[in-house]
Structures are given as structure tokens and as C-alpha cells.
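Counting in full-length UniProt numbering, the sequence shown runs from 1 upward without gaps.
C-beta: ideal position from N, C-alpha, C; glycine also.
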Amino acid sequence: MRAVAVSAFGEQPQLMDLPQPEPGPGEVLVRLSAAGLNPVDWKLADGMFGDAVPAVFPLVLGSDGAGEVLAIGSGVRRFTIGDAVFGQFQRPEQGGGSYCELAVADEDRIAHAARSVTYATSAALPTAGMTAYNLVEETRIAEGRTVLIVGATGGVGTFITQLAAGRGAEVIATARPAKAELMRTLGAAETVDHTAGPIADQVLAHHPGGVDVLIDMTSGAAEFAELTRTVRDGGTAVSLIGSADADELTEHNLRGFNFVNRPSPQLLEILAGHVDAGRLTVLVGREVSLEEAPDALATSRTGRAQGKTVLAI
Numbered sequence: 001m002r003a004v005a006v007s008a009f010g011e012q013p014q015l016m017d018l019p020q021p022e023p024g025p026g027e028v029l030v031r032l033s034a035a036g037l038n039p040v041d042w043k044l045a046d047g048m049f050g051d052a053v054p055a056v057f058p059l060v061l062g063s064d065g066a067g068e069v070l071a072i073g074s075g076v077r078r079f080t081i082g083d084a085v086f087g088q089f090q091r092p093e094q095g096g097g098s099y100c101e102l103a104v105a106d107e108d109r110i111a112h113a114a115r116s117v118t119y120a121t122s123a124a125l126p127t128a129g130m131t132a133y134n135l136v137e138e139t140r141i142a143e144g145r146t147v148l149i150v151g152a153t154g155g156v157g158t159f160i161t162q163l164a165a166g167r168g169a170e171v172i173a174t175a176r177p178a179k180a181e182l183m184r185t186l187g188a189a190e191t192v193d194h195t196a197g198p199i200a201d202q203v204l205a206h207h208p209g210g211v212d213v214l215i216d217m218t219s220g221a222a223e224f225a226e227l228t229r230t231v232r233d234g235g236t237a238v239s240l241i242g243s244a245d246a247d248e249l250t251e252h253n254l255r256g257f258n259f260v261n262r263p264s265p266q267l268l269e270i271l272a273g274h275v276d277a278g279r280l281t282v283l284v285g286r287e288v289s290l291e292e293a294p295d296a297l298a299t300s301r302t303g304r305a306q307g308k309t310v311l312a313i
């Protein structure tokens with residue numbers, strides 16, 4: 001089967017011809033129609049997680065994917081052959097991923113796909129969608145709260161914006177002028193142009209009492225600490241890239257933490273339900289072929305990718 005993989009950490013991703021995997025007990029074999037690209041994919045390929053992530057090579061890249069169940073292993077109860085599914089397929093310890101024609105997933109890492117959208121749309125949802133949903137839960141976003149989202153135009157940010165607004169929160173989203181209208185259609189009450197001056201100053205000029213929740217997906221430690229000025233006394237500040245100093249935040253009477261995602265099949269089902277009910281829009285910015293995956297990963301590394309990239313398989 002065709003797959004995009006690396007022969008070792010730090011090597012360039014390549015299109016390879018690899019043996020077809022077979023499902024074991026509790027596993028499902030899926031004929032993938034699409035795979036979603038996430039920054040974690042190239043970070044894994046580069047070996048950025050070190051010994052924390054043992055891997056077998058060649059290592060097929062990609063976590064997110066969607067397609068049709070082709071075979072099931074013993075003990076599988078939730079799926080039958082022919083089911084449309086989506087979820088997470090990255091299994092580095094077995095060399096598996098989603099940038100391929102056929103992938104094996106643990107039964108508890110996938111769910112039935114939304115019925116109202118394409119496989120490409122479903123493939124863009126799992127990691128970013130579950131991250132956003134868990135963030136909204138853990139920061140206790142609810143009606144009447146004001147939420148500042150830094151990095152709002154990315155995959156996770158667009159989902160948080162919709163989910164938070166759906167709960168009645170007032171969302172302030174960072175966005176360049178060209179993306180401002182898009183963020184408003186997704187539920188943002190207002191946008192802040194992060195290229196027009198310090199974000200904290202702009203936010204506090206309109207919200208002198210501060211915001212209830214800061215969710216930051218892009219800032220380093222110093223920038224994150226500066227942004228916490230926008231959070232009211234007793235509020236919450238969260239970093240997705242490890243920039244939060246919990247002790248320092250506590251000293252300033254803020255609840256803060258570095259977010260760690262907790263995926264689950266139940267959460268995937270919730271997200272599919274939101275999509276089918278029209279409560280969640282999945283933005284696919286670009287569809288490319290499997291052969292183009294190495295170039296798409298290189299673009300993602302630059303941080304200049306526009307919208308969610310999906311591989312059509």
C-alpha cells in the first residue's frame with residue numbers, strides 16, 4: 001500500500017510502498033479516504049518528543065483520518081465492516097499512522113463519522129476538535145464569560161470559538177483583518193489584530209475589567225506572561241504549548257495550567273453529533289494528494305499554512 005513515512009527520526013518524509021497491516025484483537029482495519037494534517041505530525045517525524053514516544057520504523061505519519069471499515073479483529077463490538085468512521089490512527093510503537101491507504105486503529109480511538117459531511121471534513125476534526133472541546137470543558141466556559149483566544153484562526157481556535165460562543169460566552173479572537181469577518185461568522189463577538197500592537201493593551205482598552213479566560217495557542221513564556229495581564233482576578237489562563245507557570249499564576253490569583261489533551265471515542269461521537277446538528281463547522285483550507293504530503297508538512301513547519309490541510313487518499 002502507498003504510505004508517507006520516515007525511515008528514522010529527523011529523516012525527510014517519503015512516499016513508500018509498505019505491507020498492508022492486519023487488525024489484531026480489539027483493532028479495526030480502515031480503508032482511509034482522507035487524513036488530516038496536524039503540526040504534531042511533523043514534530044513526531046522530527047523526533048521532538050524524544051524517548052517519550054517509542055517508535056518502529058518505517059513510521060507512517062499522521063494521526064487523524066476517516067474512511068470505511070474493511071476488517072475487524074476479535075472482540076470488536078462497536079463496528080462492522082462497511083461502517084464510516086473517523087478518529088486517531090497514530091501508533092508509533094507499531095509504525096502506524098493515517099498518511100496511508102489502509103490503517104489499523106484501536107477500537108477506542110475511532111467513532112462513527114458524521115453523516116452530513118465528507119470524509120475529508122471528518123478527517124480534519126479529531127485532534128483539533130477534541131482539543132477544543134476539552135479546553136472549553138476544563139476552563140469552565142459558560143454563558144456570561146468573556147474569553148480571549150490567541151491563535152484563534154487555526155484549527156483548534158476556530159473550534160473553540162464556535163463551542164464557546166455556543167455556550168453563550170463572549171469570544172474575543174485574535175485575527176488579521178482578512179480573517180476578522182470569518183471569525184465573526186464562527187461566533188466571535190470581536191476580533192483583535194495581533195499585528196496592530198500589543199494584544200493585552202488592545203484588549204484592556206475595551207475590557208478594563210479583564211477577561212475571564214485566556215486560551216493561548218501560540219505564545220512563548222514571556223509573551224504568555226504578558227497576556228495574563230488581560231485576565232481578571234480569579235480568572236483562568238491556559239497555554240497549549242507549555243508556556244504557563246502555574247506557581248507564578250497562583251501568585252497573581254489566577255488559575256492556570258498547560259493543557260494536555262485527553263481523547264476518547266465518546267468525545268469523537270459528541271463532535272460528530274455537533275457537526276450533524278449544524279452546531280460545528282469544520283473549515284478545510286486545502287486538500288492535497290498523498291504524494292504532496294511531504295510538501296504540505298514543510299509548509300506546516302513554517303507556520304504559514306492557511307486553514308486545515310487534508311490529504312485525499
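Put residue i into one of helix, strand or coil per three-state DSSP.
| i | result |
| --- | --- |
| VAL117 | coil |
| ASP295 | helix |
| SER300 | helix |
| ARG286 | strand |
| ASP41 | helix |
| ILE199 | helix |
| SER98 | coil |
| ILE149 | strand |
| GLU27 | strand |
| LEU214 | strand |
| LEU311 | strand |
| THR250 | helix |
| ALA132 | helix |
| VAL275 | helix |
| ASP245 | coil |
If we call anything under 9 Å between Cβ atoms a contact, is residue i one with residue j?
| i | j | result |
| --- | --- | --- |
| SER98 | GLY47 | no |
| LEU59 | LEU297 | no |
| ASP276 | LEU254 | no |
| ALA34 | ALA312 | yes |
| SER63 | VAL28 | no |
| CYS100 | ALA3 | yes |
| ILE199 | MET217 | no |
| VAL211 | THR146 | yes |
| ALA132 | GLY166 | no |
| VAL213 | LEU163 | no |
| TYR119 | GLY67 | yes |
| ALA124 | VAL282 | yes |
With burial defined as no fewer than 16 other Cβ atoms inside 10 Å of the residue's Cβ, what is the status of residue i: buried or exposed?
| i | result |
| --- | --- |
| ASN38 | buried |
| PRO21 | buried |
| PHE86 | buried |
| ALA52 | exposed |
| SER289 | exposed |
| ILE160 | buried |
| THR228 | buried |
| ASP17 | exposed |
| PRO177 | exposed |
| VAL136 | buried |
| GLU107 | buried |
| PRO126 | buried |
| HIS206 | exposed |
| THR266 | Position check: residue 266 holds Gln in this sequence, whereas Thr was assumed. Exposed is the call here. |
Identify the residues that DSSP records as bridge partners of residue i: which are they?
| i | result |
| --- | --- |
| VAL4 | LEU15 |
| THR158 | In the DSSP output, where bridge partners are listed per residue, THR158 has none listed. |
| ASN261 | Paired residues: none, contrary to the question. |
| HIS112 | VAL85 |
| GLU190 | ILE172 |
| ARG78 | In the DSSP output, where bridge partners are listed per residue, ARG78 has none listed. |
| GLY65 | ALA35 and GLY87 |
| ILE141 | ILE141 is not bridged to any residue. |
| GLY256 | ALA237 |
| LEU59 | VAL6 |
Please indicate yes or no: does the CB of residue i lie closer than 8 Å to some heavy atom of the ligand FAD?
| i | result |
| --- | --- |
| ALA205 | The ligand FAD is absent from the structure shown, which contains no ligands of any kind. |
Check your understanding: Pairing CB atoms from the segment 266 to 281 with CB atoms from the segment 240 to 251, are three or more of them under 8 Å?
Key -> no
Check your understanding: Is the segment 164 to 173 touching the segment 182 to 193 in the sense that three or more CB pairs, one from each, lie closer than 8 Å?
Key -> yes
Exercise for review: Could you tell me whether the segment 82 to 96 touches the segment 141 to 158, where touching means 3 or more Cβ pairs closer than 8 Å?
Suggested key: no
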